[in-house]
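Throughout the sequence shown, residue numbering follows my numbering, covering 27 to 189 in sequence. Beta carbons: idealized from backbone N, C-alpha and C, even for Gly. Quick caveat: nothing in here was measured; it's all calculated off a predicted structure.
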Amino acid sequence: MSAQRPGVRLAVDVGEARVGLAASDPDALLATPVMTLRRDPKRCSDQRMLVRIARDRDAQVIYVGLPLSLSAAETASTQKARDYAAELAVRLSRAEQQVQVRLVDERLSTVSAAEKMRAAGVEAKHQRGSIDQAAAVEILTHALDMRASLGSEPGEPVTSPAD
């Protein structure tokens, strides 16, 4: 898919308890927070909601943050993000949505988001409800910057078995 293809891009910051979501404008220039979803591994309501949001916003790409260690090594969290992205790709395919799922490096996204929130005067105890969204904004901003620089979609593509 060409980097010049217009359309909304989404980014998710996948955590143990919550999933932060951010979206771009249709020109894929600006990232804004959308919501925080509660992780629901048993019923997958978080992923079903992401599929609906992707459809409603006519998203072209969903970037899933890939939490690598500072040395770029993979960790248990990395595998959980890969599994989440793979399941999301399957759900999108089953819903007959042509949305790319791509894994992008998210090192320090939550740290950066927390620092920006502190600088804006948000106390740490009040960050819990929005830190995941802020981290998703960091992931999406990084992906959009890379997209503009590279001239193509950044990250590692995730395909469903049907692809």
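Please state whether the Cβ-Cβ distance between residue i and residue j is less than 8 angstroms.
i, j, result
"residue 36", "residue 54", "no"
"residue 113", "residue 159", "no"
"residue 121", "residue 46", "no"
"residue 50", "residue 129", "no"
"residue 116", "residue 76", "no"
"residue 86", "residue 34", "yes"
"residue 78", "residue 63", "no"
Where does residue i land, buried or exposed, given buried means 16+ other C-beta within 10 angstroms?
i, result
"residue 178", "exposed"
"residue 174", "exposed"
"residue 32", "exposed"
"residue 71", "exposed"
"residue 124", "exposed"
"residue 67", "exposed"
"residue 176", "exposed"
Where does residue i sit, in a helix, a strand or coil, going by DSSP?
i, result
"residue 100", "coil"
"residue 153", "Note that residue 153 scores a pLDDT of 49, beneath 50, so its modelled location is shaky and nothing firm can be said."
"residue 94", "coil"
"residue 55", "coil"
"residue 49", "strand"
"residue 182", "strand"
"residue 174", "helix"
"residue 125", "coil"
"residue 139", "Note on residue 139: pLDDT 47, under 50, position unreliable in the model; no value is reported."
"residue 131", "strand"
So, under 8 angstroms CB-CB, residue i and residue j are touching, yes? Tell me the CB distance rounded to an integer number of Å.
i, j, result
"residue 92", "residue 104", "6 angstroms"
"residue 110", "residue 165", "Their Cβ separation, rounded to whole angstroms, is 13 angstroms, which puts residue 110 and residue 165 out of contact at 8 angstroms."
"residue 183", "residue 126", "6 angstroms"
Hey, is the segment 49–68 in contact with the segment 91–105, meaning 3+ C-beta pairs nearer than 8 angstroms?
no
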